[in-house]
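Sequence positions in the sequence shown follow my numbering and run 74 to 275.
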Amino acid sequence: MTTGALIGYARTSTLDQKAGLEGQERDLRAAGCDRLFIEQVSSVDVKAREELAEALAFIRTGDTLVVTKLDRLARSVAHLLEILEVLTGKGAALRILNMGIDTSTPTGKLMLTVLGGVAEFEREIMLERQREGIAKAKAAGKYKGRKPTARAKTEDVLRLHREGVGGTEIAKRLKIGRASVYRILSESADDAKDGGGKEAAA
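Structure below.
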């Protein structure tokens, strides 16, 4: 076991309530953390995690980085391994409270390695199921993919155009590109010509 300082790190996403941070802070202090690094940032925005970077820079040999849950620390297995590499290089350890894992012990190191492998396996299974689901939907002719945002607003584009609103203003109001607006208007004009030609031919 390590005999250095216990350094706590707490994080919630930008969408979570402040109570989530307070709960983590309470648990970390109860675990005996001497110093806390706390932030509210998205799990996928690694570059914005300034407090995590500060915590890793602050830690010294013999210290332990403590988190309440694994998902508060790492966004992926690869990210977890990067953090562990930094800690190991400094002679520090990682403790995950809700899992009872402490990498300063051989058992803790083994458990974390196994958990990382399981997480990667589950992700691969999920992606495979997703691919199979899409393939089945395509085979049944039910998969249409995402509906293009601009296409979905065709009626609004045409309505605003009829009201005399310019292309740039239409794009701004509907939050779509000007090129999309002009493409919709052009296609609408072509359809009108084709329709008019057919009526004349009839």
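Just so it is clear, CB atoms sit at the ideal spot from N, CA and C, and this is done for glycine as well.
Tell me the DSSP secondary structure of residue i in three-state form.
| i | result |
| --- | --- |
| residue 161 | helix |
| residue 112 | strand |
| residue 238 | coil |
| residue 196 | helix |
| residue 138 | strand |
| residue 132 | coil |
| residue 178 | coil |
| residue 188 | helix |
| residue 156 | helix |
| residue 80 | strand |
| residue 50 | Residue 50 falls outside the range modelled here, since the chain spans only 74 to 275, and no answer is possible. |
For chain B, find out if any of its Cβ atoms is closer than 7 Å to the Cβ of residue i; answer yes or no.
| i | result |
| --- | --- |
| residue 162 | Given the protein chain composition of this structure (a single chain), no chain B is represented. |
Do residue j and residue i have their beta-carbon atoms positioned less than 7 Å apart in this structure?
| i | j | result |
| --- | --- | --- |
| residue 101 | residue 139 | yes |
| residue 150 | residue 192 | yes |
| residue 98 | residue 78 | no |
| residue 257 | residue 227 | yes |
| residue 80 | residue 136 | yes |
| residue 262 | residue 254 | no |
| residue 174 | residue 164 | no |
| residue 159 | residue 129 | yes |
| residue 96 | residue 85 | no |
| residue 240 | residue 251 | yes |
| residue 127 | residue 112 | no |
| residue 103 | residue 114 | no |
Contact defined as beta carbons within less than 8 Å: I believe residue i pairs with residue j. What is the distance between those atoms, to the nearest angstrom?
| i | j | result |
| --- | --- | --- |
| residue 141 | residue 170 | 5 Å |
| residue 157 | residue 178 | Actually they do not touch by this definition, with Cβ atoms about 14 Å apart. |
| residue 153 | residue 189 | 6 Å |
With residue i as the anchor, note down where its alpha helix (DSSP H) starts and where it stops.
| i | result |
| --- | --- |
| residue 94 | 91 to 103 |
Taking the beta strand (DSSP E) that residue i falls in, what are its first and last residues?
| i | result |
| --- | --- |
| residue 167 | 166 to 169 |
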